[in-house]
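There are 2 protein chains.
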Amino acid sequence: MVKNLSPNVPEIVDDLVQLCFAVQTILLRIAAAHDLSLVQMRLFGILRDHEPEMIALARYLNLDKSSVSGLIDRAEQRGLVRRVRVPEDGRVFRVSITPLGRQITAEITTQVESEILGLVANLSDADRRQFIRIASEILRG
Amino acid sequence: MVKNLSPNVPEIVDDLVQLCFAVQTILLRIAAAHDLSLVQMRLFGILRDHEPEMIALARYLNLDKSSVSGLIDRAEQRGLVRRVRVPEDGRVFRVSITPLGRQITAEITTQVESEILGLVANLSDADRRQFIRIASEILRG
DNA sequence: TATTGTTATACTCTATAACTATA
DNA sequence: TATAGTTATAGAGTATAACAATA
């Protein structure tokens with residue numbers, strides 16, 4: 001019930017939106033289990049491999065810099081990230097993930113992997129290869 | 142940049158999450174252009190074909206009933222929905238979309254369709270058929 | 001002057017708990 | 001008592017505008 005975007009919408013649009021919704025639901029549930037929002041989940045996905053400046057984070061997350069201030073404030077209060085001063089420019093911080101933040105990120109990554117794999121568990125190997133090929137086409141031209 | 146969930150995560154998981162993110166970005170942008178949240182967009186997707194009770198809406202949207210109260214309050218103030226009394230049970234409302242709400246929903250549907258189609262514009266017809274087949278497999282077994 | 005980041009403010013969105021009205 | 005829905009409250013998340021510090 002409440003399945004289709006519209007009877008007249010091409011099936012591929014409907015499928016993409018529904019697929020997005022299914023993945024979204026999984027991500028939301030896992031994030032919530034760790035008391036994180038989806039944006040925070042994305043934040044930690046970034047921080048695992050980067051130490052961005054606040055303004056770069058705003059760009060990555062498509063948020064206003066003031067929103068990032070609050071986001072980092074709350075994460076810092078929970079001991080998940082740190083603001084690190086940059087010697088070259090007194091205005092700038094880099095945001096760095098803490099060991100605790102890294103541990104939570106690792107747990108989340110494992111869970112996400114497992115649950116998303118569950119979503120495609122019934123596909124044949126051939127279909128899984130096809131899907132990866134077509135998805136790559138969509139995502140990276 | 143900031144592309145992969147992790148180097149060790151299977152490619153199909155990464156692709157699904159990224160595909161979800163791409164769709165999400167489109168939906169968010171279109172919703173925002175109409176001053177709506179993603180949840181409101183889902184709400185109107187439901188109301189186009191249904192007149193649910195508040196409690197059913199809470200179930201569909203996976204929200205607490207108090208959250209739905211606020212959601213419907215704000216939509217009602219903007220003239221997009223109406224609360225309709227049910228004669229059989231004095232406690233119950235049905236939520237009904239107004240002509241204005243229906244018009245906005247139609248605009249959004251058209252835009253979403255067009256932008257999502259743009260995402261798969263470069264696929265061959267064969268790949269598009271394959272994708273629909275595999276997506277159906279994932280979504281509906 | 002321009003840039004980086006924070007703060008003040010206001011609003012949406014969400015859940016929990018307490019409440020009202022109806023069954 | 002039980003159910004449908006609202007209200008009070010608190011907190012996250014967001015943007016805009018004004019601000020401080022640094023360049």
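Keeping their order, the protein sequence lines are chains A and B.
So the first sequence is numbered by the working numbering: it starts at 1 and just counts up by one.
So the second sequence is numbered by the working numbering: it starts at 142 and just counts up by one.
Note that the Cβ used here is the ideal one computed from N, Cα and C, for glycine as well.
Using three-state DSSP, classify residue i as helix, strand or coil.
i                : result
serine 114(A)    : helix
valine 164(B)    : helix
arginine 223(B)  : strand
serine 237(B)    : strand
glutamate 76(A)  : helix
glutamate 53(A)  : strand
serine 124(A)    : coil
glutamate 88(A)  : coil
glycine 141(A)   : coil
aspartate 156(B) : helix
arginine 189(B)  : coil
leucine 260(B)   : helix
leucine 204(B)   : coil
leucine 177(B)   : coil
Rounded to the nearest angstrom, what separates residue i and residue j at their Cα positions?
i                : j                 : result
leucine 184(B)   : glycine 242(B)    : 11 Å
serine 265(B)    : serine 114(A)     : 31 Å
aspartate 230(B) : valine 17(A)      : 36 Å
glycine 186(B)   : glycine 70(A)     : 32 Å
glycine 259(B)   : arginine 59(A)    : 24 Å
alanine 276(B)   : leucine 19(A)     : 7 Å
serine 37(A)     : leucine 28(A)     : 7 Å
alanine 31(A)    : alanine 106(A)    : 12 Å
aspartate 190(B) : arginine 226(B)   : 18 Å
valine 261(B)    : isoleucine 138(A) : 6 Å
arginine 270(B)  : glutamine 218(B)  : 43 Å
Can residue i and residue j be called in contact, C-beta distance under 9 Å?
i                 : j                 : result
leucine 63(A)     : isoleucine 97(A)  : no
leucine 80(A)     : valine 68(A)      : no
alanine 216(B)    : glutamine 165(B)  : no
alanine 174(B)    : glutamine 252(B)  : yes
aspartate 268(B)  : isoleucine 132(A) : no
isoleucine 116(A) : isoleucine 153(B) : yes
Open item on the list: Contact between the segment 76-96 of chain A and the segment 48-63 of chain A is defined here as three or more beta-carbon pairs at a separation below 8 Å; is this criterion met?
Closed with: Verdict: yes, contact present.
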